[in-house]
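Numbering (full-length UniProt numbering), first residue to last: 1 to 258.
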Ligand SMILES: Nc1ncnc2c1ncn2[C@@H]1O[C@H](COP(=O)(O)OP(=O)(O)OP(=O)(O)O)[C@@H](O)[C@H]1O
Ligand SMILES: [Mg+2]
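What follows is the structure, encoded as structure tokens:
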């Protein structure tokens with residue numbers, strides 16, 4: 001089982017959209033995939049549960065007391081248009097997550113709660129996607145401890161990649177190595193934005209082969225699918241953006257060996 005954290009402390013760059021659609025792509029390719037929502041905004045939860053808001057158990061319960069609520073009890077099949085999505089599972093979140101995380105500040109090994117829980121399900125899944133919140137809170141640190149690969153979306157609004165340098169510093173610190181396995185890719189790519197594209201390409205060039213060849217194009221159907229609470233794959237199976245996710249999945253798989 002390989003764990004991929006989709007992370008960027010900058011908001012709205014496409015973390016959740018990537019978790020949904022990359023998850024759907026992995027599942028389609030037959031990989032037993034689990035998507036875990038680590039953001040109390042619960043966008044991933046709403047989409048992959050087909051629009052539900054209440055759950056018997058969520059990742060908040062797991063962080064509150066993993067002993068009482070092991071992660072296995074919070075995992076459910078992902079649902080789109082009333083049907084389960086083969087090979088795709090969801091661990092939902094809820095709004096209590098921020099409070100619960102604050103309370104775990106007094107716990108020993110509080111950065112390893114998720115890592116430990118994932119060990120208990122390592123034979124059940126091939127790949128786990130962590131949809132991180134837009135901050136570097138203890139939740140994100142839990143994701144960092146657990147992840148084999150950090151997948152970092154960057155959008156066209158990123159006029160400065162200063163935030164990326166901070167993120168990489170944080171990853172190096174948590175992983176206690178300068179050799180962090182991370183991969184950056186452009187999301188919401190629009191060919192016409194020449195100025196932004198040239199600027200970003202120049203900055204990203206410095207990261208060498210840490211930058212993926214795949215870009216996810218800005219596509220109206222991607223947003224529409226999320227609004228109708230389903231992955232693009234079920235919402236519009238003819239969308240050319242699905243090729244972008246296919247290509248992203250291929251590059252990601254090559255970097256984590258699943
Ligand atoms: N390639 C794309 N084409 C069109 N719209 C996109 C694309 N990627 C993301 N979006 C839209 O951009 C918005 C932000 O995306 P998303 O919620 O995935 O970002 P995020 O990084 O998870 O945000 P947050 O930091 O708040 O969790 C959403 O409305 C989403 O539908
Ligand atoms: Mg999000």
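Here a beta-carbon is modelled for each residue, glycine too, at the ideal position from N, C-alpha and C. The structure presented is a predicted model; accordingly, all values stated were derived computationally and were not measured.
Any 3 or more C-beta pairs closer than 8 Å across the stretch 126 to 138 and the stretch 34 to 50 = yes
Length-filtered (4 minimum) alpha helix (DSSP H) runs lying within the stretch 18 to 84 | 43 to 48, 59 to 64
Alpha helix (DSSP H) segment containing residue 166, residue limits = For the purposes of this step, residue 166 is taken as the residue at position 166 of the chain shown. Counting along the chain, the alpha helix (DSSP H) containing residue 166 begins and ends at 162 to 175.
Can you find a heavy atom of ligand 1 that lies under 7 Å from the Cβ of residue 186?
-> In the chain shown, counting from the first residue as 1, residue 186 sits at position 186. Checking the Cβ of residue 186 against ligand 1 gives no.
Where does residue 53 land, buried or exposed, given buried means 16+ other C-beta within 10 angstroms?
-> Here residue 53 is taken as the residue at index 53 of the chain shown, counted from 1. Exposed, because fewer than 16 other Cβ atoms sit within 10 Å of the Cβ of residue 53.
Who are residue 215's beta bridge partners in DSSP?
-> The residue given as residue 215 occupies position 215 in the chain shown. In DSSP, residue 215 forms a bridge with 186.
On a CA-only basis, which of 196, 177, 66, 29 is nearest residue 186? Give me that one, please.
-> Translated into the one-based positions of the chain shown, residue 186 becomes position 186. Here the closest residue by C-alpha is 196.
With DSSP as the reference, please indicate the residues paired to residue 150 in a beta bridge.
-> Position 150 of the chain shown, counting from 1, holds the residue named residue 150. DSSP lists 5, 182 as partners of residue 150.
How should residue 105 be labelled, buried or exposed, when 16 other C-beta atoms within 10 angstroms of its C-beta is the threshold for buried?
-> Looking up residue 105 in the chain shown gives position 105. Result: exposed.
Can you list, in chain order, the residues of its chain whose CB lies under 7 Å from that of residue 256, leaving out five sequence neighbours each side?
-> Position 256 of the chain shown, counted from the start, is the residue given in the question as residue 256. Hits under 7 Å: 2, 4, 148, 149.
Near residue 27, what residues of its chain come up, given a Cβ to Cβ distance below 7 Å and the 5 sequence neighbours on each side ignored?
-> Sequence index remark: in the chain shown, residue 27 carries index 27 (1-based). Closer than 7 Å at the Cβ level, and outside the excluded window around residue 27, lie 33, 85, 86, 87, 88.
Can you list, in chain order, the residues of its chain whose CB lies under 6 Å from that of residue 204, leaving out five sequence neighbours each side?
-> As a working note, residue 204 is residue 204 in the chain shown. So the list reads 211, once near-sequence residues are dropped.
Verify the contact flag: residue 8, CB atom, against every heavy atom of ligand 2, threshold strictly below 7 Å.
-> The residue labelled residue 8 in the question sits at position 8 within the chain shown. Outside the cutoff, so no.
Residue 41: beta carbon under 7 Å from a heavy atom of ligand 1?
-> Here residue 41 refers to the residue found at position 41 of the chain shown. Result yes, Cβ under 7 Å from ligand 1.
Among 16, 246, 14, which residue has its Cα nearest to the Cα of residue 214?
-> Residue 214 sits at position 214 when you count from the first residue of the chain shown. With distances taken between Cα atoms, residue 214 lies closest to 246.
Extent of the continuous alpha helix (DSSP H) run through residue 131 | Taking the chain shown and counting its residues from 1, the one referred to as residue 131 is at position 131. That residue, residue 131, is in no alpha helix (DSSP H); its beta strand (DSSP E) goes 127 to 131.
Following the continuous alpha helix (DSSP H) through residue 95, name the residue where it begins and the one where it ends.
-> Mapped onto the chain shown, residue 95 falls at position 95. First-last for residue 95: undefined, no H or E at that position.
Tell whether a beta-carbon distance below 8 Å holds between residue 8 and residue 231.
-> Locating residue 8 in the chain shown gives position 8, counting from the first residue. Locating residue 231 in the chain shown gives position 231, counting from the first residue. For residue 8 and residue 231, no; Cβs fall outside 8 Å.
Can you name, in chain order, every residue of its own chain whose Cβ lies under 7 Å from the Cβ of residue 43, other than the five neighbours on each side?
-> Residue mapping note: residue 43 aligns to position 43 of the chain shown, counting from 1. Correct list, in chain order: 16.
With respect to 7 Å, is the separation between the Cβ of residue 131 and the closest non-hydrogen atom of ligand 2 below this value?
-> For the purposes of this step, residue 131 is identified with residue 131 of the chain shown, where counting begins at 1. For ligand 2, at least one heavy atom lies less than 7 Å from the Cβ of residue 131.
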